[in-house]
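Undergrad: Protein chains in written order, with this note's numbering: chain A, 32 to 145; chain B, 360 to 475. Submitted below is the structure of interest, expressed as structure tokens.
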Amino acid sequence: EDKVVQSPLSLVVHEGDTVTLNCSYEVTNFRSLLWYKQEKKAPTFLFMLTSSGIEKKSGRLSSILDKKELFSILNITATQTGDSAVYLCAVVNAGGTSYGKLTFGQGTILTVHP
Amino acid sequence: EPEVTQTPSHQVTQMGQEVILRCVPISNHLYFYWYRQILGQKVEFLVSFYNNEISEKSEIFDDQFSVERPDGSNFTLKIRSTKLEDSAMYFCASSEGPRDRYYEQYFGPGTRLTVT
């Protein structure tokens, strides 16, 4: 069974801090790993990572994948109160007839205080 | 920017009743999905749909559930006889396809289903 574990489960920081969120996975037929930000409702797509060692970056957010050690990290620098959310990691199993089913981790709750 | 939309935002129903949750995927997307999230738990895959048929479904997606694309824009999830444990947030997602692009799934705002 595919498995995704995120750590820490929750994190409280102050504005300006840098945070690192972790995601480890076990999945047969790994295809890619995705990060989402979930505020009130819908998960909002952040990154998709397919290859090891290639950093993806968007503003203050960046992410990298290690396919040998089976984990990914999401970094947020100079955090702002608007970064407060649940950050979800999900993996895609592309084996057989799978059409991109996502298996999610439990999420990391990030709270950024002013 | 194109987005996935869902209606209603909140649905309250009595146990045993049928509900239909509606989604309008992003217009040029070809792959459609339903996920659910029970309060405090992980987001769980229910079903994927491509080319007018189910391509994959989870153990949760039993005979009480069905999906349909009744026209060129809507994608629906029907629960025939709701149970208390069906109470959850239901998310629709879509992706572009083919090949690498179909792994980037974009989610709608969700429908909160409450079964009483």
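From the three backbone atoms N, C-alpha and C, an ideal C-beta is built for every residue, glycine too.
(1) Consider the Cβ of T134(A): report whether some Cβ of chain B lies at a distance smaller than 8 Å.
(2) Can you pull the chain B neighbours of L119(A), defined as C-beta to C-beta under 7 Å?
(3) Taking any Cβ of chain B, which residues in the stretch 57 to 86 of chain A have a Cβ under 8 Å from it, in chain order?
(4) For L52(A), which residues from the same chain have a beta carbon less than 6 Å from its beta carbon, with the 5 sequence-adjacent residues on both sides left out?
(5) Residues of chain B with CB closer than 8 Å to the CB of G131(A), please, in chain order.
(6) Applying the criterion that 16 or more other CB atoms from any shown protein chain within 10 Å of the CB defines a buried residue, is T134(A) buried or exposed?
(7) Could you tell me which residues DSSP pairs with Q396(B) in its beta bridges?
(8) Judging by CA-CA distance, which residue of M79(A), N124(A), V143(A) and G90(A) is the nearest neighbour of S103(A)?
(9) Determine, using beta carbons only, whether V123(A) comes closer than 8 Å to chain C.
(10) Taking 8 Å as the CB-CB limit, is E377(B) close to chain A?
(11) Considering Q37(A), what are the terminal residues of the beta strand (DSSP E) in which it resides?
(12) For chain B, check one thing: does any of its Cβ atoms lie closer than 8 Å to the Cβ of Q137(A)?
(13) Would the stretch 63 to 79 of chain A and the stretch 39 to 51 of chain A be scored as touching if the rule is three or more Cβ pairs under 8 Å?
(14) Could you name the residues of chain A that P468(B) contacts, counting a contact when the two beta carbons are closer than 9 Å?
(15) Return the bridge partner residues of F76(A) from the DSSP annotation.
(16) Please confirm whether T470(B) and S446(B) have their CB atoms less than 8 Å apart.
(17) Tell whether a beta-carbon distance below 8 Å holds between K68(A) and S83(A).
TA: Let me spell this out:
(1) yes
(2) V402
(3) R62, S63, L65, Y67, K72, A73, P74, T75, F76, M79 and T81
(4) L105, Y118 and T139
(5) Y390, Y392, S407, S454, Y461, Y462 and Q464
(6) buried
(7) V402(B) and M448(B)
(8) M79(A)
(9) In the structure shown, chain C does not exist; the protein chains are A and B.
(10) no
(11) K34 to S38
(12) yes
(13) no
(14) K71, K72 and A73
(15) Y67(A)
(16) no
(17) no
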